[in-house]
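J.:
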Amino acid sequence: MLASMVRNLLIVWLINALALLALPYLVPSVQVDSFTTALVAALVLGLVNTLIRPLVVLLTLPATVLTLGLFIFVINGLLFWLVASFVKGFSVAGFWSAVLGAIVYALISWAASALVFGPPRVVVVRRDDYR
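Residue numbers for the sequence shown, in the working numbering: 1 to 131.
Here's what the structure looks like:
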């Protein structure tokens with residue numbers, strides 16, 4: 001079970017790195033120099049989205065509610081831009097490029113993950129025991 005989880009985590013990491021490599025072809029203002037840079041950037045993006053993003057979303061909840069959820073795009077763009085400022089070889093031209101890059105990156109990653117892993121499984125547990 002643990003080996004399967006680690007394998008899936010590595011596959012998702014690879015999918016995200018490949019999505020980053022494809023991103024400059026769709027959003028020219030985002031640049032990724034090499035596959036190694038894409039792997040590092042995908043790892044840092046994953047860590048930022050796991051550790052920092054929930055706190056930022058919680059702290060900006062009033063703005064998110066006020067904008068009916070659209071502020072999440074701003075948060076994603078800012079975190080994408082933040083990672084680009086730390087990872088050498090991964091660059092984003094500006095804020096709006098970061099927002100567009102984050103959206104396109106998420107769509108590419110989502111589509112590639114759906115192709116590799118298939119649709120998510122839904123388990124329904126029924127209890128027909130009426131007493």
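Each residue gets a CB set at the ideal place from its N, CA and C atoms; glycine is no exception.
1) By how many angstroms is the C-alpha of S113 removed from the C-alpha of P24?
2) Would you check if there are 3 or more beta carbon pairs closer than 8 Å linking the stretch 78-96 to the stretch 40-49?
3) In terms of residue numbering, what span does the alpha helix (DSSP H) encompassing V74 cover?
4) Where DSSP assigns a beta bridge to S91, which residues make up the other side?
5) Are the Cβ atoms of G77 and A106 separated by less than 8 Å?
6) Report buried or exposed for L51, applying the criterion of at least 16 other Cβ atoms within 10 angstroms of its Cβ.
7) Would you give the residue range spanned by the alpha helix (DSSP H) that P119 belongs to?
8) Are V57 and T64 close, meaning C-beta to C-beta below 8 Å?
9) How about F73 and A41: do their beta carbons lie closer than 8 Å?
10) Go ahead and label L70 buried or exposed: buried means 16 or more other beta carbons lie within 10 angstroms of its beta carbon, across all protein chains shown.
11) Counting along the chain, where does the alpha helix (DSSP H) carrying R53 start and finish?
12) Going along the chain, which residues of its own chain have a beta-carbon closer than 6 Å to the beta-carbon of L26, five neighbours each way excluded?
T.: Answer, in terms of the structure:
1) On the sequence shown, residue 24 is found 24 positions in, with the first residue counted as 1. On the sequence shown, residue 113 is found 113 positions in, with the first residue counted as 1. Their Cα atoms are separated by approximately 19 Å.
2) yes
3) Along the sequence shown, one-based indexing puts residue 74 at 74. V74 -> alpha helix (DSSP H) spans 71-86.
4) In the sequence shown, residue 91 corresponds to position 91, counting from 1. Answer is Q31.
5) Here residue 77 refers to the residue found at position 77 of the sequence shown. Here residue 106 refers to the residue found at position 106 of the sequence shown. Their beta carbons are not under 8 Å apart, which means G77 does not touch A106 by this criterion.
6) By one-based count along the sequence shown, residue 51 stands at place 51. The residue in question, L51, is exposed, as its Cβ has fewer than 16 Cβ neighbours within 10 Å.
7) Within the sequence shown, numbered from 1, the residue matching residue 119 stands at position 119. Taken as a continuous stretch (DSSP letters only), P119 belongs to no alpha helix (DSSP H), as it is neither H nor E.
8) Locating residue 57 in the sequence shown gives position 57, counting from the first residue. Locating residue 64 in the sequence shown gives position 64, counting from the first residue. Closer than 8 Å, so yes.
9) The residue labelled residue 73 in the question sits at position 73 within the sequence shown. The residue labelled residue 41 in the question sits at position 41 within the sequence shown. In this structure, A41 does not lie closer than 8 Å to F73 by Cβ.
10) By 1-based counting over the sequence shown, the position of residue 70 is 70. By the neighbour-count rule (16 or more Cβ atoms within 10 Å), L70 is not buried but exposed.
11) What you label residue 53 is simply residue 53 of the sequence shown in a count that begins at 1. Counting along the chain, the alpha helix (DSSP H) containing R53 begins and ends at 53-59.
12) Within the sequence shown, the letter at position 26 stands for residue 26. Counting only residues of its own chain and dropping the five nearest sequence neighbours on each side, L26 has a CB closer than 6 Å to the CB of V104.
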